[in-house]
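Residue numbers (our numbering): 166 to 616. Everything on this sheet refers to the single structure shown next.
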Amino acid sequence: MKIKTLTTATLIVLLLIVSQMLQAQLPRETEDQKTQRMKWWTDARFGMFIHWGLYALPARHEWVKNYERMTNEQYQKYFESFNPDLYNPREWARMAKEAGMKYVVLTAKHHEGFCLFDSKYTDYKSTRTPFGRDIIKDYVEAFRAEGLKVGFYYSLIDWHHPDYTIDRNHPQRQESDSAYARLNKGKDMSRYREYMKNQVRELLSNYGQISIIWFDFSFPGKNGKGRDDWDSENLLKLARTLQPGIIVDDRLDLRDVQGGWDFTTPEQVKVARWPEIDGKKIPWETCQTFSGSWGYYRDETSWKSTPQLLELLIESVSKGGNLLLNVGPTARGTFDYRAQDRLKSMGEWMKYNSRSIYNCTEAPAGFAAPDNSLLTYNPVAKRLYIHLLAYPMGRLTLTNMADKVRYIQFLHDASEIRYSAGRGETANDLTLQLPVLKPPVEVPVLEIYLK
Ligand code: GLC
166 MKIKTLTTAT LIVLLLIVSQ MLQAQLPRET EDQKTQRMKW WTDARFGMFI HWGLYALPAR
226 HEWVKNYERM TNEQYQKYFE SFNPDLYNPR EWARMAKEAG MKYVVLTAKH HEGFCLFDSK
286 YTDYKSTRTP FGRDIIKDYV EAFRAEGLKV GFYYSLIDWH HPDYTIDRNH PQRQESDSAY
346 ARLNKGKDMS RYREYMKNQV RELLSNYGQI SIIWFDFSFP GKNGKGRDDW DSENLLKLAR
406 TLQPGIIVDD RLDLRDVQGG WDFTTPEQVK VARWPEIDGK KIPWETCQTF SGSWGYYRDE
466 TSWKSTPQLL ELLIESVSKG GNLLLNVGPT ARGTFDYRAQ DRLKSMGEWM KYNSRSIYNC
526 TEAPAGFAAP DNSLLTYNPV AKRLYIHLLA YPMGRLTLTN MADKVRYIQF LHDASEIRYS
586 AGRGETANDL TLQLPVLKPP VEVPVLEIYL K
């Protein structure tokens with residue numbers, strides 16, 4: 166009898182332990198383990214963002230439904246006309262690869278709520294439009310075939326789901342609390358939270374290995390939404406359980422939770438320095454557009470030039486970060502000609518100079534960048550890269566470097582750069598003899614073998 170009670174008690178304890186273990190956990194990793202998990206991403210430095218959805222049809226910003234305060238009924242015509250007959254993700258993947266990009270993140274669902282995948286939990290999806298195809302499926306296969314790591318963007322915000330409450334970022338946003346209360350009567354966010362989990366489960370179970378998930382975005386506070394509205398922790402646990410290596414952005418409102426994010430996401434800004442928390446440098450990626458909006462915007466003329474885009478990329482690496490550069494495909498399914506043009510010319514530069522980008526990071530303290538230049542550094546190869554944004558005339562002085570340098574060459578053609586010490590202000594300065602004629606590369610790079 167005694168033995169029997171013991172067995173039951175032990176059994177209960179065991180069951181409790183097992184059920185605890187089965188409960189998803191946010192990873193408890195050491196700094197080192199996190200660095201290892203993120204290594205491919207850190208080394209890659211350059212990725213493609215793709216914003217695609219129904220907003221490609223109005224072609225005047227992916228927030229058009231919000232900006233113009235459209236109702237679901239008014240927006241419906243875009244759903245009914247969605248038929249990107251030229252959609253060929255193999256072409257997209259080829260362009261990304263040729264530009265030198267190593268990973269890709271596509272909007273599986275943006276704020277408008279339209280899903281590019283065949284979700285069981287909604288009819289508001291590409292397979293129910295005249296197009297009729299699961300866009301995500303073809304996308305994943307095509308980019309994988311080109312060797313890029315594949316990721317999804319998933320919008321937390323949803324301007325279409327019937328249970329998603331109207332908030333200050335909603336097309337039907339209101340002026341007064343009573344108006345919000347009236348409109349939100351009967352809406353049940355817990356059903357929406359369930360919907361998100363179901364969709365994230367689909368996305369991270371049905372399409373093979375997914376390397377990145379980009380949740381977007383939280384705006385806590387009055388008439389806003391944050392971690393409790395999304396059930397962020399459990400959403401993230403689900404993602405981490407289904408795809409243990411997955412890399413996650415920081416927009417779930419879990420910045421203070423261990424394992425609640427992997428990298429920070431400065432959007433459309435050049436950071437002044439490597440972002441830190443409590444004095445510690447953190448992984449970061451800036452996401453940037455070619456022209457201002459994320460979705461296809463026909464009449465936008467503010468396109469960045471190739472030199473500006475290259476500078477953005479080099480600058481990011483020079484501060485230890487990544488660049489996620491966005492394309493907004495048209496409603497026919499193609500990349501805008503200006504996007505194609507920029508990708509192509511970035512690729513031309515990358516073909517000869519990517520060694521100063523991949524596996525590189527901020528230069529160690531003590532290396533000063535000459536005027537109009539940016540430094541990157543490969544800590545394994547021990548090479549320093551000087552990117553000459555404005556090409557100097559003949560001479561370039563490197564301060565306090567004579568004792569550190571073994572050899573110098575142009576990166577694009579591996580031609581020797583001759584130098585001499587002691588001609589600058591101090592004996593440890595180096596004076597480089599550059600050709601007066603700027604080499605035929607957009608941003609020439611000096612590759613310095615360090616001692
Ligand atoms: C924003 C915008 C959005 C875009 C995203 C990219 O938060 O709402 O349209 O998808 O940033 O970072």
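Every residue, glycine too, gets a C-beta built ideally from N, C-alpha and C. All figures in this text were calculated on a predicted structure; none of them were measured in a lab.
Practice problem: Give every residue of the same chain whose Cβ lies closer than 8 Å to the Cβ of Ser510, excluding the five residues on either side of it in the sequence, and list them in chain order. | Solution: Correct list, in chain order: Thr471 and Glu607.
Practice problem: Buried or exposed for Met166, please, with buried defined as at least 16 other CB atoms from any protein chain shown within 10 angstroms of its CB. | Solution: Interpretation of Met166 is limited by its pLDDT of 43, a score under 50 that renders its predicted location unreliable; the figure taken from the coordinates is listed afterwards. Exposed, by the Cβ-count rule.
Practice problem: Pull up the distance between the alpha-carbon of Arg463 and that of Leu191, whole angstroms please. | Solution: 42 Å
Self-check item: Own chain residues within Cβ distance below 6 Å of Asn231, not counting five before or after
Solution: Pro336
Exercise. On a CA-only basis, which of Tyr268, Glu227, Asp342 and Arg548 is nearest Val569? Give me that one, please.
Key: According to the sequence shown, residue 569 is Lys rather than Val. Cα-wise, what sits closest to Lys569 is Arg548.
Practice problem: Measure how close the beta-carbons of Asn253 and Gly498 come, nearest whole angstrom, since I'm counting them as under 8 Å. | Solution: 7 Å
Exercise. To the nearest angstrom, report how far apart Ile412 and Ile377 are at their CA atoms.
Key: 5 Å
Quiz prompt | DSSP three-state assignment for Met166, whether helix, strand or coil | solution = Bear in mind that a pLDDT of 43 at Met166, under 50, signals an unreliable position, so the model cannot answer this.
Practice problem: Label Glu612 either buried or exposed according to how many other C-beta atoms from any shown protein chain fall within 10 Å of its C-beta, with 16 as the threshold for buried. | Solution: buried
Quiz item: Roughly how many whole angstroms lie between the Cα atoms of Leu400 and Leu321?
Solution: 10 Å
Exercise. Return yes when at least one heavy atom of ligand 1 lies under 6 Å from the C-beta of Asp536, else no.
Key: no
Quiz item: What did DSSP end up calling Ile412 once you bin it into helix, strand or coil?
Solution: strand
Practice problem: Determine the burial state of Ala437: buried for a count of at least 16 other Cβ atoms within 10 Å of its Cβ, exposed for fewer. | Solution: exposed
Self-check item: Beta-carbon contacts of Asn363 that lie in its chain and below 7 Å, excluding the five residues immediately before and after
Solution: Tyr286
Quiz item: How should Thr195 be labelled, buried or exposed, when 16 other C-beta atoms within 10 angstroms of its C-beta is the threshold for buried?
Solution: exposed
Exercise. Between the Cα of Met213 and those of Phe282, Arg259 and Phe244, spot the shortest distance and give me the residue it belongs to.
Key: Arg259
Practice problem: Please classify Ile442: is it buried, with 16 or more other beta-carbons within 10 angstroms of its beta-carbon, or exposed? | Solution: exposed
Quiz item: When the Cβ atoms of the stretch 451-458 are set against those of the stretch 485-501, are three or more pairs found closer than 8 Å?
Solution: yes
Quiz item: Going along the chain, which residues of its own chain have a beta-carbon closer than 7 Å to the beta-carbon of Glu527, five neighbours each way excluded?
Solution: Trp439, Ser483, Lys484, Gly485 and Tyr542
Quiz prompt | Segments assigned alpha helix (DSSP H), at least 4 residues, entirely inside the stretch 188-247 | solution = 196-202, 204-209, 229-232 and 237-246
Practice problem: Assuming Tyr357 contacts Glu277 (C-beta within less than 8 Å), just tell me the rounded distance between them. | Solution: Contact flag wrong, Cβ pair sits at about 15 Å.
Self-check item: Pair within 7 Å by beta-carbon distance, Leu561 and Leu508
Solution: no
Quiz item: Which residues in the same chain have their Cβ closer than 6 Å to the Cβ of Gly425, if we skip the five residues on either side of it in sequence?
Solution: Counting only residues of its own chain and dropping the five nearest sequence neighbours on each side, Gly425 has a CB closer than 6 Å to the CB of Leu419.
Quiz item: Whose CA, out of Leu403, Tyr372, Tyr614 and Asp353, lies closest to the CA of Phe380?
Solution: Leu403
Quiz item: Under a three-way DSSP split, which group does Phe532 fall into?
Solution: Looking at Phe532 - three-state DSSP - the assignment turns out to be coil, as it is neither helix nor strand.
Exercise. Please state if the CB of Glu450 and the CB of Leu539 are separated by a distance shorter than 7 Å.
Key: no
Exercise. Counting only the same chain and skipping the five closest in sequence on each side, list residues whose C-beta sits under 8 Å from that of Glu245.
Key: Thr294 and Pro295
Practice problem: Going by CA-CA distance only, name the one from Glu227, Tyr319, Pro249 and Pro327 that's closest to Gly351. | Solution: When Glu227, Tyr319, Pro249 and Pro327 are compared, the shortest CA-CA separation from Gly351 is found for Pro327.
Quiz item: Over what stretch of residues does the alpha helix (DSSP H) that includes Phe575 continue unbroken?
Solution: Note, Phe575: premise wrong, no alpha helix (DSSP H); beta strand (DSSP E) at Val570 to Phe575.
Quiz item: Does ligand 1 have even one heavy atom less than 6 Å from the beta-carbon of Phe455?
Solution: no
Exercise. Please go through the same chain and pick out, in chain order, the residues whose beta-carbon is closer than 7 Å to the beta-carbon of Thr173, but skip the five residues on each side of it.
Key: Counting only Cβ-Cβ distances below 7 Å, and skipping sequence neighbours, we find nothing.
Exercise. Check whether the Cβ of Asp299 lies closer than 6 Å to any heavy atom of ligand 1, and answer yes or no.
Key: Not so, every heavy atom of ligand 1 lies at least 6 Å from the Cβ.
Quiz item: Expressed to the nearest angstrom, what Euclidean distance is found between the alpha-carbon atoms of Leu281 and Ala533?
Solution: 47 Å
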